[in-house]
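Everything below concerns the one structure shown next.
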Amino acid sequence: MLRIIRRLSGLKADNKGVAAVEFALWTTAFFFSVMVAIDFGTFFLERGKLNGAVGAAAVSGFNTADNVNFGSMPGYVRSLTGEPATAVTISCNGTANSCTNLNRTCACLKSNGTYVSASCGNTCTGTGVTAGSTAGYYMTINATNPFTPMILPNSALADTVLSQQATVRLQ
Numbered sequence: 001m002l003r004i005i006r007r008l009s010g011l012k013a014d015n016k017g018v019a020a021v022e023f024a025l026w027t028t029a030f031f032f033s034v035m036v037a038i039d040f041g042t043f044f045l046e047r048g049k050l051n052g053a054v055g056a057a058a059v060s061g062f063n064t065a066d067n068v069n070f071g072s073m074p075g076y077v078r079s080l081t082g083e084p085a086t087a088v089t090i091s092c093n094g095t096a097n098s099c100t101n102l103n104r105t106c107a108c109l110k111s112n113g114t115y116v117s118a119s120c121g122n123t124c125t126g127t128g129v130t131a132g133s134t135a136g137y138y139m140t141i142n143a144t145n146p147f148t149p150m151i152l153p154n155s156a157l158a159d160t161v162l163s164q165q166a167t168v169r170l171q
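Listed below in structure tokens is the structure:
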């Protein structure tokens with residue numbers, strides 16, 4: 001029994017292995033710091049990918065303004081993001097799933113994001129409308145994609161659902 005007590009009291013003064021313990025603690029702290037940085041980096045990369053996909057779809061719509069393939073736009077955005085879970089809605093002049101290439105009705109875009117009906121080509125007038133702008137046919141692409149961080153809790157990243165939107169004038 002006395003031997004055990006001597007060994008235990010000897011351990012109290014022993015400093016062998018301190019470097020190994022410190023190394024293990026610092027390595028763990030470094031690992032978690034890197035994982036947090038990777039979470040933030042992944043968040044910004046995914047948001048940028050979604051933004052690029054929505055922007056590319058908007059440019060594609062603008063380039064084919066007279067004959068836009070509205071049915072393939074959501075698949076185009078999903079394909080560019082690489083995320084099949086991406087939810088995409090296409091709306092024209094503020095009304096979802098109402099886009100058409102024939103018999104388009106024009107509107108004026110207001111500063112708060114709403115629309116006011118107007119005749120195509122007429123100058124927009126009224127409250128909240130950009131002075132001197134011309135009525136047109138506007139397509140809005142809105143895409144959302146869930147984001148799940150690896151280490152951080154969802155509350156640490158303000159938008160755990162990534163969302164991007166682009167509006168282009170087709171006519």
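Read left to right, the sequence shown gives residues 1 to 171 (full-length UniProt numbering).
For glycine and all other residues, C-beta sits at the position ideal for the given N, C-alpha and C.
When F23, M139, G82, S111 are compared, the shortest CA-CA separation from L45 is found for G82. The shortest CA-to-CA distance from N101 to any of P153, M150, G61 is the one to G61.
When rounded, the separation of the alpha-carbon atoms in A131 and S111 is 11 Å. By a beta-carbon distance limit of 8 Å, I90 contacts M139. Their separation comes to about 7 Å. Closest in C-alpha terms to S163, from the list G48, P153, T125, M73, comes G48. If you check the CB distance, N122 and A135 come in under 7 Å. The shortest CA-to-CA distance from A166 to any of C92, G41, T27 is the one to C92. Of Y137, A85, T127, the smallest CA-CA separation from F147 is found for A85. If you draw a 10 Å sphere on the C-beta of L170, you find 16 or more other C-beta atoms in it, and that means buried.
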